[in-house]
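Enquirer: There's a structure below that I have some questions on.
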Amino acid sequence: MPTLYGAPVSPFVRKTIVALAEKGIAYEHDPVLPAVAPAEFKRISKEISPLGRIPAYRDGDLTLADSSVIIAYLERIKPSPALYPSDTRDYARALWFEEYGDGGLAPIVGAKIFFQKIAGPAFFKQPTDETVVNKAINEELPPLFDYLEGQLGNGDWLVGRSFSVADIGIATQFAQASFAGVSPDAKRWPKLAAYVDRALARPSFADAVGKAKAMLGMK
């Protein structure tokens, strides 16, 4: 049975957990967290994650690291249900939104909100820098939310009619923000707020978020 390495508090590990759940793939989970178990994490990094990041994934003699790579692999070994659109243009757009989450939302949500308010105080005994948090919430995130609001049409999901890797990549970052009490204002971003609620209500996300909250001691 394959093994997923990495704690569900990581938005990138959560991406992979959601993809595995959506595809119905059974796996073992080693929820290693670098800050809590540095020795184990160092061992795992040396063996299967050369860049020292989570998630990592082992399937037999194959080892993979990086959530996008792992999800792409899962799609090839179990094509149904599909997490990537079949239409070429929609496929490209889905990849773009995944990157928008990984490279656009994550640096702000992760480093400037979640780390400052949750991870820093809990795992590193670092006080929250409210100036950094407030700037992220009030100045840096709104333009990104504006873009997503404009991209959401009348359907339920970002690309086409089906839930896809685009939605996984975006919604996992909103889950991360929610741990710190941050969510899109429904009056300012009504489509985005409804979209986030819809995505996080899926059983795959609800379970993954529940695991993260349990690790963080949240209800």
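In the working numbering, the protein residues as written are 966 to 1184. Built from N, CA and C at the ideal position, the CB exists for glycine as well.
Kindly indicate the opening and closing residues of the alpha helix (DSSP H) around Leu1117.
Expert: No alpha helix (DSSP H) holds Leu1117; DSSP gives it neither H nor E.
Enquirer: Ordered along the chain, which non-local residues of its own chain (more than five positions away) have a Cβ less than 6 Å from that of Phe1139?
Expert: Only residues of its own chain outside the window of five on either side were considered, and among them Val1161 have a CB closer than 6 Å to the CB of Phe1139, listed in chain order.
Enquirer: Who does Glu993 pair with in a DSSP beta bridge?
Expert: Thr968
Enquirer: Check whether the segment 1149-1157 touches the segment 1087-1098, taking contact to mean three or more Cβ pairs, one atom from each stretch, closer than 8 Å.
Expert: no
Enquirer: Mind checking whether Phe1144 and Lys1178 have CB atoms under 9 Å apart?
Expert: With contacts defined by Cβ atoms closer than 9 Å, Phe1144 and Lys1178 form a contacting pair.
Enquirer: Where do the ends of the beta strand (DSSP E) carrying Tyr1022 lie?
Expert: Ala1021 to Asp1024
Enquirer: Where does Tyr1065 land, buried or exposed, given buried means 16+ other C-beta within 10 angstroms?
Expert: buried
Enquirer: To the nearest whole angstrom, what separates the beta carbons of Phe1062 and Ala1131, a pair I think is in contact under 8 Å?
Expert: About 4 Å; that satisfies the 8 Å criterion.
Enquirer: Starting from the C-beta of Arg1058, find all residues in its chain whose C-beta is less than 6 Å away, skip the five residues before and the five after it, and write them out in chain order.
Expert: If we look at Arg1058 and ignore the five residues flanking it on each side, its Cβ neighbours are Val1124.
Enquirer: Span of the alpha helix (DSSP H) holding Thr1096?
Expert: Glu1095 to Lys1100
Enquirer: CB Ile1083 to CB Leu1181, shorter than 9 Å?
Expert: Yes, Cβ-Cβ distance for Ile1083 and Leu1181 is below 9 Å.
Enquirer: Just grab the DSSP bridge partners of Thr1028 for me.
Expert: Arg1023
Enquirer: Taking contact to mean 3 or more Cβ pairs, one atom from each stretch, closer than 8 Å, check whether the segment 1093-1105 and the segment 1160-1174 are in contact.
Expert: no
Enquirer: Quick one: what's got a C-beta closer than 7 Å to Arg1163's C-beta in the same chain, skipping five residues either side?
Expert: Asp1121
Enquirer: Rank Gly989, Arg1126, Gly1069 and Thr1028 by C-alpha distance to the C-alpha of Pro1108 and give the top, closest one.
Expert: Gly1069
Enquirer: Here's the rule: buried if 16 or more other CB atoms are within 10 angstroms of the residue's CB, otherwise exposed. What is Pro967?
Expert: Buried, because 16 or more other Cβ atoms sit within 10 Å of the Cβ of Pro967.
Enquirer: For the candidate residues Phe977, Gly971, Met1183 and Leu969, whose alpha-carbon lies nearest to that of Val1074?
Expert: For Val1074, the closest of Phe977, Gly971, Met1183 and Leu969 by C-alpha to C-alpha distance is Phe977.
Enquirer: I'd like to check one pair, Lys1007 with Pro1046: are the Cβ atoms closer than 9 Å?
Expert: no
Enquirer: Using DSSP with H/G/I as helix, E/B as strand and the rest coil, what is Gly1068?
Expert: Three-state DSSP puts Gly1068 in a helix.
Enquirer: Assuming Tyr1022 and Leu969 are in contact, meaning their beta carbons sit under 8 Å apart, how far apart are those beta carbons, in whole angstroms?
Expert: 6 Å
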